[in-house]
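Below you'll find the structure, written out as structure tokens, and then a few comments.
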Amino acid sequence: MKAAKDDAPMTPTQKHLIIMAKAPRIGRVKSRLARDIGVVGAWAFYRRTLSQVSRRLAADVRWTTWLGVAPDSAAESNGQWPVDCPRIAQGSGDLGSRMATLLAGVPPGPAVLVGADIPGIECRHINQAFRALGNADAVFGPASDGGYWLVGLKRRPLNVDIFGDVRWSSEHTLADTLANLPRRWRHARAATLSDVDDGNDLSAL
């Protein structure tokens, strides 16, 4: 993992934004989109969107931005990432296991996690999510397909893995995750946005 800038101490109240990102390599990203528009087109879309979203969000000083990267070896590689911010490896397992690893791997404080393939993410959406965590234990940004593009946890007094037995990439994804929340937890919802998984999503965008 790359060290945080200047090795600055992080207080328990510091906010952390994690952007899940795959190394932008041709043939290794957006496989469903690639079936519709080709591997080069899918790679170009992902590379452009990763650059735009990460630069936009990392420029905001209200939170510390981390890249949660895959493969794990890419955490030590500087040349392929569009922003110079701390990186943390996603680790192994399904999507839920990797999300749990990232949310548990950053220093104390509320943490929000987003994907790198949602072109519409703005800083105001992230700020809205952090504000929601002032009164809630968890926050979700619903996607139009039944999933979610954002998840955030207050992580106080402890971090909880809420991603077990979730039917990923389905209309049940958000409902399954909500069912995993501890009984007394309060949750909030941020804005609804859409990710780009295939050619139809790209055309709609």
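For the sequence shown, my numbering assigns the number -10 to the initial residue and increments by one for each residue that follows. Cβ atoms here follow ideal geometry from the backbone N, Cα and C, with glycine treated the same way. All values reported here derive from a predicted model rather than from experimental measurement.
Presumed contact (8 Å Cβ cut-off) between residue i and residue j, rounded CB distance
i, j, result
"residue 127", "residue 170", "6 Å"
"residue 71", "residue 44", "6 Å"
"residue 131", "residue 137", "5 Å"
"residue 50", "residue 8", "About 16 Å; that fails the 8 Å criterion."
"residue 118", "residue 101", "5 Å"
"residue 47", "residue 38", "Their Cβ separation, rounded to whole angstroms, is 14 Å, which puts residue 47 and residue 38 out of contact at 8 Å."
"residue 106", "residue 184", "5 Å"
Secondary structure of residue i, DSSP reduced to three states
i, result
"residue 183", "coil"
"residue 97", "coil"
"residue 92", "helix"
"residue 87", "helix"
"residue 152", "coil"
"residue 120", "helix"
"residue 125", "coil"
"residue 193", "helix"
"residue 199", "No answer is possible for residue 199: it lies beyond the span of the chain, which begins at -10 and ends at 194."
"residue 7", "strand"
"residue 147", "coil"
"residue 1", "The pLDDT assigned to residue 1 is 45, lower than 50, so where the model puts this residue is not dependable; a value taken from the coordinates is nonetheless given after this. Looking at residue 1 - three-state DSSP - the assignment turns out to be coil, as it is neither helix nor strand."
Backbone CA spacing between residue i and residue j [nearest angstrom]
i, j, result
"residue 12", "residue 79", "12 Å"
"residue -1", "residue 97", "Residue confidence for residue -1 is low, a pLDDT of 43 falling below 50, so the modelled location carries little weight and cannot support an answer."
"residue 181", "residue 162", "14 Å"
"residue 148", "residue 68", "32 Å"
"residue 179", "residue 29", "33 Å"
"residue 22", "residue 186", "6 Å"
"residue 62", "residue 160", "32 Å"
"residue 114", "residue 10", "19 Å"
"residue 20", "residue 122", "34 Å"
"residue 124", "residue 24", "42 Å"
"residue 59", "residue 91", "11 Å"
"residue 26", "residue 32", "10 Å"
"residue 168", "residue 158", "16 Å"
"residue 155", "residue 86", "10 Å"
"residue 110", "residue 172", "30 Å"
"residue 34", "residue 15", "11 Å"
"residue 134", "residue 144", "27 Å"
"residue 142", "residue 99", "6 Å"
Extent of the continuous alpha helix (DSSP H) run through residue i
i, result
"residue 167", "162 to 168"
"residue 34", "28 to 47"
Where the beta strand (DSSP E) through residue i begins and ends
i, result
"residue 15", "Premise fails: residue 15 is in no beta strand (DSSP E) and is neither H nor E."
"residue 76", "76 to 78"
"residue 177", "176 to 178"
"residue 58", "53 to 59"
"residue 135", "Where residue 135 is concerned, there is no enclosing beta strand (DSSP E), given that its DSSP letter is neither H nor E."
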